[in-house]
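>
Number of protein chains: 2
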Amino acid sequence: MPTMSDIARRAGVALSTVSYALSGKRPISDEAKQRVLQAMKELGYQPNSLARALATRRTSILALLYPAWKSGTGLGPQSEFITSIAEASTDHGYGLLLWTAPMSEEQGVMEMTHQGFIDGAILMEVALEDPRVEALKRQMVPFTLIGRCRENEGLSYVDLDFDYALETSINYLVAGGHRHIALINQSQTLLQRKIGYVVRSREAFHRELQRHGLQGVDLCCEANEQAGYEATMSLLEQQPDLSAFVLMTPWTSGGIIRALSDQGLLIPRDFSLVAIFSPHLAEMTNPALTSVDFPFHEMGRLGTQMLIQKLSGAPVEPPQILLKPPLTIRASSGPAIKS
Amino acid sequence: MPTMSDIARRAGVALSTVSYALSGKRPISDEAKQRVLQAMKELGYQPNSLARALATRRTSILALLYPAWKSGTGLGPQSEFITSIAEASTDHGYGLLLWTAPMSEEQGVMEMTHQGFIDGAILMEVALEDPRVEALKRQMVPFTLIGRCRENEGLSYVDLDFDYALETSINYLVAGGHRHIALINQSQTLLQRKIGYVVRSREAFHRELQRHGLQGVDLCCEANEQAGYEATMSLLEQQPDLSAFVLMTPWTSGGIIRALSDQGLLIPRDFSLVAIFSPHLAEMTNPALTSVDFPFHEMGRLGTQMLIQKLSGAPVEPPQILLKPPLTIRASSGPAIKS
DNA sequence: GTGAAAGCGCTAACAG
DNA sequence: CTGTTAGCGCTTTCAC
Numbered sequence: 001m002p003t004m005s006d007i008a009r010r011a012g013v014a015l016s017t018v019s020y021a022l023s024g025k026r027p028i029s030d031e032a033k034q035r036v037l038q039a040m041k042e043l044g045y046q047p048n049s050l051a052r053a054l055a056t057r058r059t060s061i062l063a064l065l066y067p068a069w070k071s072g073t074g075l076g077p078q079s080e081f082i083t084s085i086a087e088a089s090t091d092h093g094y095g096l097l098l099w100t101a102p103m104s105e106e107q108g109v110m111e112m113t114h115q116g117f118i119d120g121a122i123l124m125e126v127a128l129e130d131p132r133v134e135a136l137k138r139q140m141v142p143f144t145l146i147g148r149c150r151e152n153e154g155l156s157y158v159d160l161d162f163d164y165a166l167e168t169s170i171n172y173l174v175a176g177g178h179r180h181i182a183l184i185n186q187s188q189t190l191l192q193r194k195i196g197y198v199v200r201s202r203e204a205f206h207r208e209l210q211r212h213g214l215q216g217v218d219l220c221c222e223a224n225e226q227a228g229y230e231a232t233m234s235l236l237e238q239q240p241d242l243s244a245f246v247l248m249t250p251w252t253s254g255g256i257i258r259a260l261s262d263q264g265l266l267i268p269r270d271f272s273l274v275a276i277f278s279p280h281l282a283e284m285t286n287p288a289l290t291s292v293d294f295p296f297h298e299m300g301r302l303g304t305q306m307l308i309q310k311l312s313g314a315p316v317e318p319p320q321i322l323l324k325p326p327l328t329i330r331a332s333s334g335p336a337i338k339s
Numbered sequence: 340m341p342t343m344s345d346i347a348r349r350a351g352v353a354l355s356t357v358s359y360a361l362s363g364k365r366p367i368s369d370e371a372k373q374r375v376l377q378a379m380k381e382l383g384y385q386p387n388s389l390a391r392a393l394a395t396r397r398t399s400i401l402a403l404l405y406p407a408w409k410s411g412t413g414l415g416p417q418s419e420f421i422t423s424i425a426e427a428s429t430d431h432g433y434g435l436l437l438w439t440a441p442m443s444e445e446q447g448v449m450e451m452t453h454q455g456f457i458d459g460a461i462l463m464e465v466a467l468e469d470p471r472v473e474a475l476k477r478q479m480v481p482f483t484l485i486g487r488c489r490e491n492e493g494l495s496y497v498d499l500d501f502d503y504a505l506e507t508s509i510n511y512l513v514a515g516g517h518r519h520i521a522l523i524n525q526s527q528t529l530l531q532r533k534i535g536y537v538v539r540s541r542e543a544f545h546r547e548l549q550r551h552g553l554q555g556v557d558l559c560c561e562a563n564e565q566a567g568y569e570a571t572m573s574l575l576e577q578q579p580d581l582s583a584f585v586l587m588t589p590w591t592s593g594g595i596i597r598a599l600s601d602q603g604l605l606i607p608r609d610f611s612l613v614a615i616f617s618p619h620l621a622e623m624t625n626p627a628l629t630s631v632d633f634p635f636h637e638m639g640r641l642g643t644q645m646l647i648q649k650l651s652g653a654p655v656e657p658p659q660i661l662l663k664p665p666l667t668i669r670a671s672s673g674p675a676i677k678s
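Chains A and Z, in that order, give the protein sequences. Quick note on numbering: the first sequence equals residues 1 to 339 in the working numbering. Quick note on numbering: the second sequence equals residues 340 to 678 in the working numbering.
Quick look at the structure:
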């Protein structure tokens with residue numbers, strides 16, 4: 001692999017001239033520029049971005065910290081986050097380093113391994129008290145959150161307004177006459193780790209029902225159809241008068257619908273489902289699910305843009321964004337049967 | 340940020356001693372080692388991996404080249420590829436740089452931007468003649484394919500045996516008495532780009548039917564439920580005697596099932612579906628789909644391991660792996676009605 | 001055992 | 001407009 005000094009020698013110019021010819025950061029005579037370009041072509045020159053990064057202290061690489069606790073499963077529709085973030089990064093000339101390791105207590109992983117490698121970071125699966133926040137602050141790595149902590153002073157984030165989402169769902173169901181509603185939440189693991197949206201959804205669910213003078217059950221469910229089936233069965237057994245579910249977790253809907261049908265319950269006549277999913281996923285099942293449409297793509301893009309703006313030095317504004325997506329009514333929900 | 344020479348000065352030792360104390364590549368007196376460690380702690384030292392990489396010419400970063408042509412959609416179940424690759428990378432001490440830009444004709448993207456940044460690459464969405472293969476060879480970047488080209492001499496890959504998958508599906512359907520079968524393939528875009536598995540599935544589909552003295556239709560379908568619905572409708576209109584589909588594309592099944600039901604066709608009584616999907620996705624719909632179980636996770640892991648082994652200098656063997664996953668019969672298929 | 005010093009390949013002053 | 005040179009922070013050879 002030829003280096004800049006090879007080019008310089010061959011073109012008969014100074015090393016810096018080659019550098020400037022590439023970056024355009026200072027005027028170069030046409031003649032010199034031609035000779036440099038020529039030499040590059042002849043030698044098949046490829047700039048070494050590692051060396052450049054070391055000299056400039058900028059790598060043009062962002063890290064996506066996306067702990068994947070549940071090995072074996074894909075990310076489900078959440079992969080839309082990844083694609084949109086990758087897309088946005090590319091559009092702005094950044095590469096994306098995907099980090100799925102859980103960054104555990106000895107949160108050294110990142111600190112040790114990739115110090116200097118990234119210009120900034122995007123955090124996902126944010127916990128209410130997230131150790132990564134402190135770690136990144138200490139390392140002076142700029143970052144944004146997709147999701148949010150309990151205390152968000154001084155942080156930039158974009159998140160779904162889960163309070164709003166649950167409020168909307170519950171209002172809709174209660175208006176339809178439903179009085180016995182259950183929340184099928186994300187997995188136990190995520191709840192225990194106090195991942196923001198898992199905790200928030202749960203609290204908002206109960207708060208909203210209470211506002212209506214009602215009481216609900218919530219339960220955690222692993223992201224697979226088997227778990228969905230079993231969760232539904234056990235819920236129906238305990239509370240036969242349930243008439244609606246709010247769904248938070250992907251990959252379960254198949255099992256849930258099957259369980260209901262096995263119990264002889266027709267959707268939406270006997271039972272209503274409202275999901276907080278992306279339209280894609282909501283339309284994949286039969287019947288298609290009424291849902292608060294989770295704007296993965298937009299959130300990913302916004303989070304990335306915020307970070308990149310931050311890197312450019314400009315203050316990010318607004319630094320905190322809460323999205324309130326609309327409820328789209330599909331075939332899985334309707335009024336409760338008067339009984 | 341303190342550097343090694345800060346540590347050296349503070350500990351009263353030579354720069355190289357600090358380096359060796361960290362790497363252990365040569366014996367250091369206990370006393371010196373203690374002073375170095377102490378100084379590191381006091382100053383909060385973090386080694387700069389960029390500088391290390393420049394000096395050693397190894398970054399411990401792999402690139403995942405995963406062109407996402409279809410903006411706006413997630414990767415669907417294919418995200419399992421990403422998670423398994425990320426996981427495997429982490430397990431072996433590598434980071435993963437995700438590159439979703441299409442690497443177009445002027446395939447410069449990678450060459451320009453990340454020369455030197457990665458130790459090796461994993462290619463996905465491999466086309467029969469894939470320009471990336473030549474580009475990487477030229478740049479002397481070690482790589483493996485998930486998928487394969489037409490000509491694979493000297494390449495390492497792991498791929499699903501789509502010939503086998505289609506053969507299995509068709510044999511099963513034909514044995515059940517189905518004589519009019521259609522293939523719902525991936526999007527037009529992917530077919531036009533001659534992505535290996537899209538082309539291979541199509542060819543294998545027709546070849547297998549021919550072997551049975553039958554003829555089939557195939558058609559490309561975008562990855563959303565609307566497209567699935569429309570494709571089904573138009574197929575049924577043209578060929579009312581169709582009694583089975585083979586499905587290749589995620590995110591469409593909802594629409595397909597809905598269309599069949601709108602046509603008054605009961606699954607599996609009147610119509611059979613066989614998919615080439617991961618179990619997750621196959622079990623998400625209603626009824627659950629009979630499928631050749633696409634082993635995303637295993638493929639991702641194998642591809643990554645092959646690459647890492649290659650980086651270690653050892654020859655990879657076997658360098659080419661074709662997986663033949665079993666057919667799992669679920670609720671979406673059965674014998675054809677005698678008519 | 002330890003130190004001094006020469007790179008790794010590039011950028012960006014500084015000096016014409 | 002162009003050349004010279006001092007870093008960026010680390011690894012590794014060479015010398016003691």
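Just so it is clear, CB atoms sit at the ideal spot from N, CA and C, and this is done for glycine as well. This one's a predicted model, so the numbers in the text were calculated from it and none came from an experiment.
#1: For the region 381-404 of chain Z, list every residue whose C-beta sits within 9 Å of some C-beta in chain A, in sequence order.
#2: Let me check understanding here. Comparing Cα to Cα, which of L599(Z), Q644(Z) and Q578(Z) lies closest to P657(Z)?
#3: Distance, Cα to Cα, R487(Z) vs G255(A)?
#4: Quick check on H453(Z) - is its C-beta less than 8 Å from some C-beta in chain A?
#5: Let me know if K372(Z) comes out buried or exposed under the rule of 16 or more other beta-carbons within 10 Å of its beta-carbon.
#6: Who are the near neighbours of L160(A) in its chain, counting only those whose CB is closer than 6 Å to its CB and skipping five residues on each side?
#7: Note down, one range per segment and in chain order, each beta strand (DSSP E) of at least 3 residues found wholly within the region 213-289 of chain A.
#8: Across the region 432-441 of chain Z and the region 393-406 of chain Z, are there enough close Cβ pairs to call them in contact, namely three or more that are closer than 8 Å?
#9: Counting only Cβ pairs nearer than 9 Å, list the residues of chain A close to H682(Z).
#10: Check each candidate in T667(Z), G639(Z) and L650(Z) and name the one with the smallest Cα separation from I421(Z).
#11: Starting from Y359(Z) and walking both ways along the alpha helix (DSSP H), at which residues does that stretch end?
#12: What would DSSP say about V36(A), mapped onto helix, strand or coil?
#13: Look up F482(Z) in the DSSP assignment and give the residues it is bridged to.
#14: Which stretch, first to last residue, makes up the beta strand (DSSP E) that contains N524(Z)?
#15: Ordered along the chain, which non-local residues of its own chain (more than five positions away) have a Cβ less than 8 Å from that of R349(Z)?
#16: Check whether the Cβ atoms of E622(Z) and E283(A) lie closer than 8 Å to each other.
#17: Could you tell me the distance, in whole angstroms, from the CA atom of G555(Z) to the CA atom of I195(A)?
#18: May I ask you to list the residues that DSSP assigns as paired with L97(A)?
#19: Among residues of its own chain, excluding the 5 on either side of P665(Z), which ones have a beta-carbon nearer than 7 Å to its beta-carbon?
#20: Run down chain A in chain order and give the residues with a C-beta less than 7 Å from the C-beta of A440(Z).
#21: Using alpha carbons as the reference points, say which of T290(A), E151(A) and P142(A) lies closest to G116(A).
#22: Note down the Cα distance separating R207(A) from L173(A), rounded to an integer number of angstroms.
#23: Using CA coordinates, which residue listed in I122(A), L50(A) and P315(A) is at the minimum distance from T144(A)?
#24: If the cut is a Cβ gap below 8 Å, which residues of chain Z does T3(A) touch?
#25: Might you give, ordered along the chain, the residues of its own chain that have their beta carbon closer than 8 Å to the beta carbon of A521(Z), omitting 5 neighbours on each side?
#26: Are the C-beta atoms of T528(Z) and some chain A residue less than 8 Å apart?
#27: Output the distance between the C-alpha atoms of F271(A) and L214(A), rounded to the nearest integer angstrom.
#28: My output table needs one value for A127(A): the three-state DSSP class, helix, strand or coil.
#29: Anything in the region 278-289 of chain A with a Cβ closer than 7 Å to a Cβ of chain Z? List those residues in chain order, please.
#30: As a quick exercise: from R150(A), H114(A) and M124(A), pick the residue whose alpha carbon is nearest that of Q139(A).
#31: Per DSSP, what kind of secondary structure is Y384(Z) in: helix, strand or coil?
#32: Note down, in chain order, each residue of its chain lying with its Cβ closer than 7 Å to the Cβ of S651(Z), except the 5 sequence neighbours on either side.
#33: Label E370(Z) either buried or exposed according to how many other C-beta atoms from any shown protein chain fall within 10 Å of its C-beta, with 16 as the threshold for buried.
#34: Report yes or no: is there a C-beta of chain A within less than 8 Å of the C-beta of I346(Z)?
#35: Name, please, each residue of chain Z whose Cβ falls closer than 7 Å to the Cβ of R258(A).
#36: Would the region 165-180 of chain A count as touching the region 264-281 of chain A if we require 3 or more Cβ pairs under 8 Å?
Answer, in terms of the structure:
#1: Along the region 381-404 of chain Z, going in chain order, the ones with a CB nearer than 9 Å to a CB of chain A are G383, Q385, P386, N387, S388, L389, A390, R391, A392, L393, R396, T398, S399, I400, A402 and L403.
#2: Position 318 of the second sequence holds residue 657(Z). Taking each of L599(Z), Q644(Z) and Q578(Z) in turn and checking the Cα distance to P657(Z), the smallest one comes out for Q644(Z).
#3: By 1-based counting over the second sequence, the position of residue 487(Z) is 148. By 1-based counting over the first sequence, the position of residue 255(A) is 255. Cα to Cα, the separation comes out at about 35 Å.
#4: Here the question's residue 453(Z) lines up with position 114 in the second sequence. At a cut-off of 8 Å between beta-carbon atoms, H453(Z) makes contact with chain A.
#5: Taking the second sequence and counting its residues from 1, one reaches residue 372(Z) at position 33. So K372(Z) ends up on the buried side.
#6: Numbered from its first residue, the first sequence carries residue 160(A) at position 160. Excluding five sequence positions before and after L160(A), the CB atoms of its chain that fall closer than 6 Å to its own CB belong to L323, given in chain order.
#7: If one requires a minimum length of 3 residues, the beta strand (DSSP E) runs lying completely within the region 213-289 of chain A are 217-220, 244-247 and 272-275, in chain order.
#8: At 8 Å Cβ cutoff, the stretches touch.
#9: Because chain Z in this structure spans residues 340 to 678, residue 682(Z) falls outside the shown range and cannot be described.
#10: Start at 1 with the first residue of the second sequence, and residue 421(Z) comes out as number 82. Scanning T667(Z), G639(Z) and L650(Z) for the CA closest to the CA of I421(Z) turns up G639(Z).
#11: The sequence position of residue 359(Z) within the second sequence is 20, counting from 1. Run containing Y359(Z): L354 to S362, per the alpha helix (DSSP H) assignment.
#12: Here the question's residue 36(A) lines up with position 36 in the first sequence. Assigned with DSSP and collapsed to three states, V36(A) falls in helix.
#13: As a first step, residue 482(Z) is located in the second sequence; it is residue number 143 there, counting from the start. The partner list for F482(Z) (beta bridge, DSSP) reads A460(Z).
#14: Looking up residue 524(Z) in the second sequence gives position 185. Looking at the DSSP string, the run of the beta strand (DSSP E) that includes N524(Z) is I520 to N524.
#15: Counted from its first residue, the second sequence places residue 349(Z) at position 10. Excluding positions up to five away in sequence, the list reads A378, E381 and L382.
#16: Position 283 of the second sequence, counted from the first residue, corresponds to residue 622(Z). Position 283 of the first sequence, counted from the first residue, corresponds to residue 283(A). The answer is no: Cβ separation not under 8 Å.
#17: Walking along the second sequence from the start, residue 555(Z) turns up at place 216. Walking along the first sequence from the start, residue 195(A) turns up at place 195. Taken atom to atom, the span from the alpha-carbon of G555(Z) to that of I195(A) is near 50 Å.
#18: Taking the first residue of the first sequence as position 1, residue 97(A) is located at position 97. DSSP output for L97(A) lists A63(A) and L436(Z) as bridge partner(s).
#19: On the second sequence, residue 665(Z) is found 326 positions in, with the first residue counted as 1. If we look at P665(Z) and ignore the five residues flanking it on each side, its Cβ neighbours are D632.
#20: As a working note, residue 440(Z) is residue 101 in the second sequence. Those within 7 Å of A440(Z) in chain A are T90.
#21: Here residue 116(A) refers to the residue found at position 116 of the first sequence. Checked all of T290(A), E151(A) and P142(A); the closest Cα to G116(A) is P142(A).
#22: Numbered from 1 along the first sequence, position 207 holds the residue referred to as residue 207(A). Numbered from 1 along the first sequence, position 173 holds the residue referred to as residue 173(A). Straight across, the Cα-Cα distance linking R207(A) with L173(A) is about 15 Å.
#23: Residue numbering aside, residue 144(A) sits at position 144 when the first sequence is read from its first letter. The option with the nearest alpha carbon to T144(A) is I122(A).
#24: Here residue 3(A) refers to the residue found at position 3 of the first sequence. Correct list: empty, because the minimum Cβ distance to chain Z is about 11 Å.
#25: Taking the second sequence and counting its residues from 1, one reaches residue 521(Z) at position 182. Taken in chain order, the residues that qualify are G555, V556, D557, L558, L574, Q578, L581, A583, F584 and V585.
#26: Stepping through the second sequence from its first residue, residue 528(Z) is reached at position 189. So, not an interface residue.
#27: Within the first sequence, residue 271(A) is the residue found at index 271, counting from 1. Within the first sequence, residue 214(A) is the residue found at index 214, counting from 1. Their backbone Cα atoms lie some 18 Å apart in a straight line.
#28: By 1-based counting over the first sequence, the position of residue 127(A) is 127. It is a strand residue.
#29: Result list: H280, E283, M284, T285, N286 and A288.
#30: For this step, residue 139(A) is matched to residue 139 along the first sequence. The option with the nearest alpha carbon to Q139(A) is H114(A).
#31: The residue given as residue 384(Z) occupies position 45 in the second sequence. Y384(Z): coil per DSSP, three-state reduction.
#32: Position 312 of the second sequence holds residue 651(Z). The beta carbon of S651(Z) lies closer than 7 Å to none in the same chain, with the five residues before and after it left out.
#33: As a first step, residue 370(Z) must be located in the second sequence, where it is residue number 31. By the beta-carbon neighbour count (other beta carbons within 10 angstroms, threshold 16), E370(Z) is exposed.
#34: On the second sequence, residue 346(Z) is found 7 positions in, with the first residue counted as 1. No, I346(Z) lies away from the interface with chain A (no Cβ there is under 8 Å from its Cβ).
#35: If you number the first sequence from 1, residue 258(A) lands on position 258. Within 7 Å Cβ-Cβ: N625.
#36: Contact between the region 165-180 of chain A and the region 264-281 of chain A is present, because at least three Cβ pairs lie under 8 Å.
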